[in-house]
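Q:
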Amino acid sequence: MPADLAVAEAPALALEMTGISKRFPGVVALNDVHLRLEPGKVHALMGENGAGKSTLIKILAGVYEKDSGTIRIGGREIEILHPSDALKRGIKVVFQEIALIAEFTVAENIFLEEYPVGRGGSIRWRTIRKEARALFERIGFDVDTDARTGALPVSQQQMVEIARALAHEARIVVMDEPSSSLTPNEVGLLFKVIRRLTSLGIAVLYVSHKLDEVFEIADTVTVLRDGRHISTRPIAEHTNDTLIQDMIGRRIETLFPRERGPASDRIALSVKNLSTAAKLKDISFEARAGEVVGFFGLMGAGRTELAKAIVGFDPISGGEISIGGKRLHPHDTRTAVSLGIGLLSEDRKGEGLMLELPVVTNLSLAALEEFARLGLIDESRERAAAQSFVDRFRIRTPSLEQPIKNLSGGNQQKVLLARWLMRGLSVIVVDEPTRGIDVGAKSEIFALIDRLASEGHAVVMMTSEMPELLGLSDRILVMAGGRITESFTREQATQEKVLNAAIG
Amino acid sequence: MPPSVSLGRSNRLGAGAVDAFAVLTRRSDITLVVALIVLIAFFAFTAEYFFTLRNLTNVLGQASLAMIAGIGVAIVFISGEVDVSVGSLQAAVAIPLIVIMNHTESLTLGLAGALALGLAIGVVNGYLSAYVGINSLIVTLGMLFVLRGGVYLYTGKTAIPDDVGLDSFFALGNESLFGVVPYPAVVAFVLLLVFMYVMRHRPFGRMVYAVGGNAEVARLAGYPVRWVKFVCFVISSLLATISAILLASRLGSAVHLSGLGFEFQVVAAVVLGGVSLSGGIGSLFGMALGVLILSFLSNGLGMLDLATEWQLVITGIIIIVAVAFDELKRRRA
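Protein sequence lines correspond, in order, to chains A and B. In terms of our numbering, the first sequence opens at residue 1 and continues consecutively. In terms of our numbering, the second sequence opens at residue 505 and continues consecutively.
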């Protein structure tokens, strides 16, 4: 087609977001961000965790309300105050957590928002089933529309969501990390369906941090970092390196005090050929006393699974784990703790804290036996020990009786770390130690981890945050698809090398 | 057009063998129908007067009260909430019914009074559970106590007799359509059909299932989640009121003890019918079968001269086994 300048100057935009800002207590999640989607094109939205991708699409979906900025569809300014507004304006967001009713059939889910009714107000079931089948034909995907949705694999549930978008004549389809739970084969099918959508003139916003996928499917890429718009460029102008650079950008701050000396030679934790049924394949590594071993991986790489397996939380299918030379029986947290290994879970509220209970009870949980005398807990010793940790770790709490839910995230995290130290552990596994913690408290956690290592503990740290990985670790192991793909010493590691290994 | 991508196919091919099981899993109603038939057949052969028109219609008449209230309770369960207040409600709403009739000699005004109190109870249950967000088990359990206590206080722990004796009021609970089908059974059947239609064929019914199935998804789909739950509580109280009116007609008075334990009889039938306590799962048809099974069971066991103590034990075991069976099937699915 010959270039037509008049048309090129004013291409009809499917969606235009300008000057979007959103602030949460203590955090600016989005700061003056803009985004333009063209009909029939795939636009990728990239950025590290916490860059603001999710916030932006939640604003589009009507889950969050923006603080400022304008959203235009087809040139007209609109407000999205509620999830149903988004759909009425032709915007369909397919979240990672699939939003379907498991007990409903596929056809029932597709028309969830509004069931077509006949003149008497009865639902027209025959129409629904017929139209559901027609929709799947349009996106070129074959699914049993009478099947119970919950019984379908995630990949097919995604297709149900996409068909649902078409049922509402959506002109803009947003997909949030759609490939994170798909096999490579299924990703291929997803891409076919996405191309079918664009051929129907639908604008697709593809949120991802997977470079290869973005290069394959996207026409344009917008990168966010720390809630700011960094760049919007045609994919052809990008290389792996330029994209990574845009995503990471900043230099690592000196958040990371390092006062510990070199690690000892004593091996505190040894993992050999560890596999699990679900995820991990042939993982082997060692951690020495006084060492911080950092594990990096993208979402779904298997970091949390590894953390849970080595502390005996989850069953394993092969391999062995020894702590201080003693073999750990798999899937047995009790022995694991008595051998001296503990987990600081990434899910602080779900697997770490007893929210309603006071600080002292949360602290002494794992060490109760040490305060027990004739089967009774000696409360004065329990309190004395708790107080000493509160002082040492500078845990800010009005009293030991304070329910722990009233403490800040950073102080909660310190309590959890102290819980394991009270028990006198030799190996501590920390999973995403600074998730949901503000920057000030982060550096305190980093200092604590450094101190643990200097006191002779072995620390195994799972993280998806590049700065803390590079700033804290003595050795870095990179995971992808449940395997260790690469290992670096502190000196060898750079952001680019690590990220490349993680993309695998 | 490019060939369509076929991922679903492979799934469906191998599914033939499991399909029979899948049918039972999704439609546990079929299992219940079979159980009911087996039960009736068993008693027909073992108990002499069981399979007589008189006895069968008698059971239907008794079952209809639990069935009417069961519709409402099942709907509340499907929406993901619980309503255990229907027992005391039966005693409470009978008071305005009888008292107003005694003063005005008007059935219409009496019914209006009963329904008004039932509506008020439903509004309070629904408001506290859906809008204030108090656990509905606690709200309706509290309501159960409050109403029973209120009834004792008002009546001084005696029954209030119907002094007017309107024929129309007497007919409600005691006469039969064409002399065969008791009116309560007719009312239950009509209400059952209406609400089965609503739950299956009206958008509101789908909303109830969606809200109970996954409230967050329902909210994202733009559903008024709280309103839906609120309406379910109101429906439940109104239906329980209707059952109370029929009961009062049969008893000829507002009895302070009526409905004692009725709530659990209803809940037992509802869960036996395959309605999940966690919401989103179950059907009114299943609930109706649950009511019938329990009714025929107690009637038949009674005719076999089995002591009521043993009837209770057997009923309890059947409920637990049936629900455990449901749960296991669900996990396998």
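Yeah, the Cβ is synthetic: ideal placement off N, Cα and C, and Gly gets one too.
(1) In chain A, which residues lie with their C-beta within 7 Å of the C-beta of B:VAL721?
(2) Let's see if you can read the secondary structure: which residues bound the alpha helix (DSSP H) around A:HIS329?
(3) Chain B beta carbons: is any one of them nearer than 8 Å to that of A:VAL117?
(4) Would you say B:HIS705 faces chain A, with C-beta separation under 8 Å as the test?
(5) Using a Cβ-Cβ cutoff of less than 8 Å, which residues in the same chain neighbour A:ARG258 once the five nearest sequence positions on both sides are dropped?
(6) Nearest CA to the CA of B:VAL684: which residue from B:LEU564, B:PHE554, B:GLU813?
(7) Measuring straight from C-alpha to C-alpha, what distance separates A:ARG251 and A:LEU374?
(8) Note down, in chain order, every chain A residue with its Cβ under 8 Å from the Cβ of B:ALA714.
(9) Determine the direct distance from the alpha carbon of B:LEU536 to that of B:LEU793, and round the result to whole angstroms.
(10) Strictly under 8 Å for the Cβ-Cβ distance: is B:ASN639 near chain A by that measure?
(11) Alpha carbon to alpha carbon, how far is B:PHE682 from B:LEU691? Give it in angstroms, no decimals.
(12) Give the residues from the stretch 78 to 100 of chain A that approach chain B closer than 8 Å (Cβ to any Cβ), ordered along the chain.
(13) So, for B:LEU751: in the same chain, excluding its five sequence neighbours on each side, which residues have a beta-carbon less than 8 Å away from its beta-carbon?
(14) Counting pairs of Cβ atoms below 8 Å between the stretch 266 to 283 of chain A and the stretch 301 to 311 of chain A, do you hit three or more?
(15) If you follow the alpha helix (DSSP H) that A:ARG195 is part of, which residue opens it and which one closes it?
(16) For chain A, check one thing: does any of its Cβ atoms lie closer than 8 Å to the Cβ of B:LEU724?
(17) Check each candidate in A:LYS442, A:ILE57, A:ALA165 and name the one with the smallest Cα separation from A:GLU113.
(18) Would a check of beta-carbon distances place B:ILE579 closer than 8 Å to chain A?
(19) Tell me the DSSP bridge mates of A:ASP416?
(20) If you measure from the beta carbon of B:ARG487 to each beta carbon in chain A, is any gap under 8 Å?
(21) At a cut of 8 Å, does the stretch 284 to 299 of chain A reach the stretch 445 to 464 of chain A through at least three beta carbon pairs?
(22) Name, please, each residue of chain A whose Cβ falls closer than 8 Å to the Cβ of B:ASN562.
(23) Can you give me the Cβ contacts of B:ARG530 inside the same chain, cut-off strictly under 7 Å, excluding the 5 residues immediately before and after it?
(24) Please list the terminal residues of the continuous alpha helix (DSSP H) segment that includes A:LYS92.
(25) How big is the Cα-Cα spacing for B:ILE541 and B:ALA616?
(26) Tell me the residue span of the beta strand (DSSP E) that contains A:LYS272.
(27) What would DSSP say about B:TYR727, mapped onto helix, strand or coil?
(28) Taking the alpha-carbon positions, what's the B:GLY630 to A:ILE57 distance?
(29) The beta strand (DSSP E) that contains A:TYR206, what's its start and end?
(30) Can you name the residues of chain B whose CB is closer than 7 Å to the CB of A:SER122?
(31) Roughly how many angstroms lie between the CA atoms of B:PHE525 and B:GLU552, to the nearest whole one?
(32) Rounded to a whole number of angstroms, what is the C-alpha to C-alpha distance between B:VAL825 and B:GLU831?
(33) Any idea what DSSP makes of A:ARG435, helix, strand or coil?
(34) Identify every residue that forms a DSSP beta bridge with A:LYS22.
(35) What did DSSP end up calling A:ARG171 once you bin it into helix, strand or coil?
A: With the structure as the only source:
(1) Position 217 of the second sequence, counted from the first residue, corresponds to residue 721 of chain B. Per Cβ cutoff of 7 Å: ALA99, LEU100, ILE101.
(2) Looking up residue 329 of chain A in the first sequence gives position 329. In the DSSP annotation of this structure, A:HIS329 is not part of any alpha helix (DSSP H), being labelled neither H nor E.
(3) Here residue 117 of chain A refers to the residue found at position 117 of the first sequence. For A:VAL117, the nearest CB of chain B lies under 8 Å from its own CB, placing it at the interface with that chain.
(4) Looking up residue 705 of chain B in the second sequence gives position 201. Proximity of B:HIS705 to chain A, defined by a Cβ-Cβ separation below 8 Å, is satisfied.
(5) What you label residue 258 of chain A is simply residue 258 of the first sequence in a count that begins at 1. Within the same chain, A:ARG258 has close Cβ partners ASP450.
(6) Position 180 of the second sequence, counted from the start, is the residue given in the question as residue 684 of chain B. Nearest C-alpha to B:VAL684: B:LEU564.
(7) In the first sequence, counting from the first residue as 1, residue 251 of chain A sits at position 251. In the first sequence, counting from the first residue as 1, residue 374 of chain A sits at position 374. Note that A:ARG251 scores 44 on pLDDT, short of 50, meaning its location in the model is unreliable and no value can be drawn from it.
(8) As a position in the second sequence, residue 714 of chain B is number 210, starting the count at 1. The answer, in chain order, is ILE101, PHE104, LEU112.
(9) Stepping through the second sequence from its first residue, residue 793 of chain B is reached at position 289. Stepping through the second sequence from its first residue, residue 536 of chain B is reached at position 32. Going from the Cα of B:LEU793 to the Cα of B:LEU536 covers about 6 Å.
(10) The sequence position of residue 639 of chain B within the second sequence is 135, counting from 1. So, not an interface residue.
(11) For this step, residue 691 of chain B is matched to residue 187 along the second sequence. For this step, residue 682 of chain B is matched to residue 178 along the second sequence. Looking at the sequence provided, one finds Val at residue 691 of chain B rather than Leu. For B:VAL691 and B:PHE682, the gap between their C-alpha atoms comes out near 14 Å.
(12) Listed in sequence order: HIS82, PRO83, SER84, LEU87, ALA99, LEU100.
(13) Here residue 751 of chain B corresponds to residue number 247 of the second sequence, with the count starting at 1. These residues qualify, in order along the chain: LEU569, GLN594, ALA598, GLY677, SER762, GLY763.
(14) The stretch 266 to 283 of chain A makes contact with the stretch 301 to 311 of chain A; the number of CB pairs closer than 8 Å reaches 3 or more.
(15) The count along the first sequence starts at 1 and reaches residue 195 of chain A at position 195. Start and end: 184 to 199.
(16) Translated into positions along the second sequence, residue 724 of chain B becomes position 220. Nearest CB-CB separation between B:LEU724 and chain A: below the 8 Å threshold.
(17) Locating residue 113 of chain A in the first sequence gives position 113, where the first residue counts as 1. Checking every option, the nearest Cα to that of A:GLU113 belongs to A:ALA165.
(18) Counting from 1 along the second sequence, the entry for residue 579 of chain B is found at position 75. With 8 Å as the cut-off, B:ILE579 does not count as an interface residue toward chain A.
(19) Within the first sequence, numbered from 1, the residue matching residue 416 of chain A stands at position 416. As written in the sequence, residue 416 of chain A is Leu, which differs from the Asp given in the question. A:LEU416 pairs with nothing; no bridge assigned.
(20) Outside the modelled stretch of chain B, which goes from 505 to 837, sits residue 487 of chain B, for which no answer is possible.
(21) Here the stretch 284 to 299 of chain A makes contact with the stretch 445 to 464 of chain A; the two share three or more CB pairs at distances below 8 Å.
(22) The residue given as residue 562 of chain B occupies position 58 in the second sequence. When 8 Å is used as the limit between beta carbons, B:ASN562 is near no residue of chain A, the shortest such separation being about 36 Å.
(23) The residue labelled residue 530 of chain B in the question sits at position 26 within the second sequence. Caution applies to B:ARG530, whose pLDDT of 47 falls short of 50 and renders its modelled position unreliable; the value that the coordinates give is listed next. There are no such residues.
(24) Residue 92 of chain A sits at position 92 when you count from the first residue of the first sequence. That residue, A:LYS92, is in no alpha helix (DSSP H); its beta strand (DSSP E) goes 91 to 94.
(25) Looking up residue 541 of chain B in the second sequence gives position 37. Looking up residue 616 of chain B in the second sequence gives position 112. In a straight line, the C-alpha of B:ILE541 is about 39 Å away from that of B:ALA616.
(26) Position 272 of the first sequence, counted from the first residue, corresponds to residue 272 of chain A. Where A:LYS272 is concerned, the enclosing beta strand (DSSP E) stretches over 267 to 275.
(27) Numbered from 1 along the second sequence, position 223 holds the residue referred to as residue 727 of chain B. Annotated three-state conformation of B:TYR727 is coil, per DSSP.
(28) Locating residue 630 of chain B in the second sequence gives position 126, where the first residue counts as 1. Locating residue 57 of chain A in the first sequence gives position 57, where the first residue counts as 1. Their backbone Cα atoms lie some 34 Å apart in a straight line.
(29) Stepping through the first sequence from its first residue, residue 206 of chain A is reached at position 206. Unbroken beta strand (DSSP E) run through A:TYR206: 203 to 207.
(30) To locate residue 122 of chain A, count along the first sequence from 1; it is residue 122. HIS705, ARG706, listed in chain order.
(31) Taking the first residue of the second sequence as position 1, residue 525 of chain B is located at position 21. Taking the first residue of the second sequence as position 1, residue 552 of chain B is located at position 48. The predicted position of B:PHE525 is uncertain, since its pLDDT is 41 and thus under 50; a value taken from the coordinates is nonetheless stated next. B:PHE525 and B:GLU552: Cα-Cα distance of roughly 37 Å.
(32) In the second sequence, the residue the question calls residue 825 of chain B occupies position 321. In the second sequence, the residue the question calls residue 831 of chain B occupies position 327. The C-alpha of B:GLU831 is placed about 10 Å away from the C-alpha of B:VAL825.
(33) Locating residue 435 of chain A in the first sequence gives position 435, where the first residue counts as 1. The answer is coil: DSSP assigns A:ARG435 none of H, G, I, E or B.
(34) What you label residue 22 of chain A is simply residue 22 of the first sequence in a count that begins at 1. A:LYS22 is bridged by DSSP to A:LEU30.
(35) For the purposes of this step, residue 171 of chain A is identified with residue 171 of the first sequence, where counting begins at 1. A:ARG171: coil per DSSP, three-state reduction.
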